[in-house]
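Asker: Under our numbering, think of the first position of the sequence shown as 124, with each following residue one higher.
Every residue gets a Cβ at the ideal spot worked out from N, C-alpha and C, and that includes glycine.
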Amino acid sequence: MLGYIVRGPLGGLAWHHLQYVLGLARLGHEIYFFENSDDYPSCYNPATNSMQTDPSYGLAFASDTFTALGLPDNWAYYDAHAGQWLGPAAHRALEICASADLLLNISGVNPLRGWFERVQVRVLIDTDPVFLQVRHLQNERARKNAAQHTVFLSFGENIGGIAALPDDGFPWVPTRQPIVLDSWPVTQGPKDGKFTTVMQWESYAPAQYGGRIYGMKSMSFDPYRDLPSKAPASFELAIGNPPPDLADRGWSLRNPLEVTKDPWTYQSFIIQSKAEFSVAKHGYVASHSGWFSERSACYLACGRPVLVQDTGFSQWLPTGRGVIAYSTPDQALEGVEEINSQYLRHCASAREIAETYFDSENVLNQLLAAVHNKQSPAKNRTDARIR
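#1: Which residue comes first and which comes last in the beta strand (DSSP E) that contains F400?
#2: In whole angstroms, what separates the C-alpha of H140 from that of W208?
#3: Using beta-carbon positions only, say whether A471 and R427 come within less than 7 Å of one another.
#4: Checking 7 Å against the spacing of the C-beta atoms, do A330 and Y337 come in under that value?
#5: In this structure, how does DSSP classify S165 when only helix, strand and coil are distinguished?
#6: For S375, which option in Q489, V257 and T320 has the closest C-alpha, if you only look at C-alpha atoms?
#7: Assuming T388 is part of the alpha helix (DSSP H), what are its boundary residues?
#8: For a quick check, are the C-beta atoms of V253 and G406 less than 7 Å apart?
#9: Roughly how many angstroms separate the alpha carbons of I476 and V129, rounded to a whole number?
#10: With distances taken Cα to Cα, identify the nearest neighbour of R215 among A205, F157 and D224.
#11: Helix, strand or coil: which one does DSSP assign to T310?
#12: For the alpha helix (DSSP H) that I229 lies in, which residues bound it at each end?
#13: Assess, as a yes-or-no matter, whether the segment 192 to 204 is touched by the segment 453 to 468 under the definition of 3 or more beta carbon pairs within less than 8 Å.
#14: Taking all protein chains shown into account, decide if A501 is buried (16 or more other Cβ within 10 angstroms of its Cβ) or exposed.
#15: How about A212 and Y155: do their beta carbons lie closer than 7 Å?
#16: Find the nearest neighbour of K384 within the set T298, P289, G146 and P169, judged by alpha-carbon distance.
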């Protein structure tokens with residue numbers, strides 16, 4: 124599996140990838156996490172808040188994380204700047220690539236160097252629908268990297284339905300985030316706690332294609348700026364680069380680097396929350412992609428209800444209990460009141476939804492079945508929707 128932990132040593136990013144590693148290991152597969160430095164300064168160091176080529180911080184983060192999860196030897200990092208493999212599986216990296224049955228490239232953030240192409244079945248998992256498709260249409264390097272894969276899965280679950288994603292020519296099939304449920308035990312939610320989330324105001328520049336703009340969370344947030352003054356609840360954002368007026372409007376703000384220092388601080392932040400309140404990237408909403416946040420799935424797994432902006436996920440995920448979808452400020456306010464009025468019922472429903480829709484055993488088995496279906500010409504390739 125190719126992912127982003129050494130270069131992005133933050134708790135939420137780590138869990139996003141670790142759910143795949145842990146989940147596949149629990150299913151009995153021999154799974155290795157590999158990462159590639161790419162050819163530019165791509166290693167984020169939270170201690171200095173800088174991008175650099177030195178992977179030391181991320182290597183220590185990865186070592187501590189995989190050791191804590193009982194997989195201390197199942198990872199390696201290729202440092203293209205130094206031309207060497209690092210990490211406990213470094214000495215076997217090429218051998219593993221040569222013998223592997225399947226490669227999963229999460230988010231497409233790793234270039235497929237020659238040794239990865241030795242794996243015959245190479246799966247690209249799009250976790251950023253609409254933005255990735257636009258990138259493929261506008262960036263030849265990104266498109267060439269995508270074309271090296273043989274199967275294409277996307278968090279845009281409404282592909283083939285109401286989703287209005289630009290056609291980049293790749294045959295996308297829906298998938299979703301797996302959650303290893305026993306790593307997220309249910310605890311009693313605090314009735315007097317806060318509605319929280321972890322977010323970036325601007326993750327990167329908006330995408331433009333076909334006369335449309337697909338923006339970030341900053342474009343989605345404006346109608347909800349005054350929610351704290353109207354709702355009978357407290358709201359806390361662990362937010363990067365917030366606009367200066369949010370604190371004045373009643374939002375409690377935290378440094379996201381404190382919350383996401385490691386996987387356990389991130390998990391603790393979620394557990395201490397009453398519920399999640401979050402907007403989605405404007406592009407997800409505008410394209411009706413059906414994307415659902417891996418972070419929100421973790422809230423659900425802990426038995427925390429989520430009040431989240433509808434991206435079209437209400438087409439495939441039940442809402443009203445545990446998951447409250449909103450599209451307007453009035454609906455968001457009603458959602459707060461609904462969660463407050465029947466909190467314990469929403470907590471129980473949250474975990475039930477996690478078990479039904481995000482359990483890693485089910486999601487990953489369905490992912491593998493979809494991969495087999497796409498690889499087999501004898502199968503009906505139109506019937507590959509993952510549920």
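Answerer: Taking the coordinates as given:
#1: Annotation for F400: the continuous beta strand (DSSP E) segment containing it runs A398 to S401.
#2: In this structure, the CA atom of H140 is about 20 Å from the CA atom of W208.
#3: Contact: no.
#4: Their beta carbons are under 7 Å apart, which means A330 touches Y337 by this criterion.
#5: Here S165 sits in coil by DSSP.
#6: Selected option, being the one with the closest Cα: T320.
#7: Start and end: P386 to I394.
#8: V253 is a Cβ neighbour of G406, given a cutoff of 7 Å.
#9: The C-alpha of I476 lies about 31 Å from the C-alpha of V129.
#10: That would be F157, whose Cα lies nearest to the Cα of R215.
#11: In the three-state DSSP reduction, T310 falls in the coil class, being neither helix nor strand.
#12: Per DSSP, I229 belongs to no alpha helix (DSSP H); it is in the beta strand (DSSP E), L226 to I229.
#13: No, they do not touch.
#14: Any reading at A501 needs caution, since the residue's pLDDT is 35, under 50, leaving its predicted position unreliable; the model's value is listed next. Exposed: under 16 other Cβ atoms inside 10 Å.
#15: In this structure, A212 lies near Y155, with their beta-carbon atoms less than 7 Å apart.
#16: If we check each option's Cα against that of K384, P169 comes out closest.
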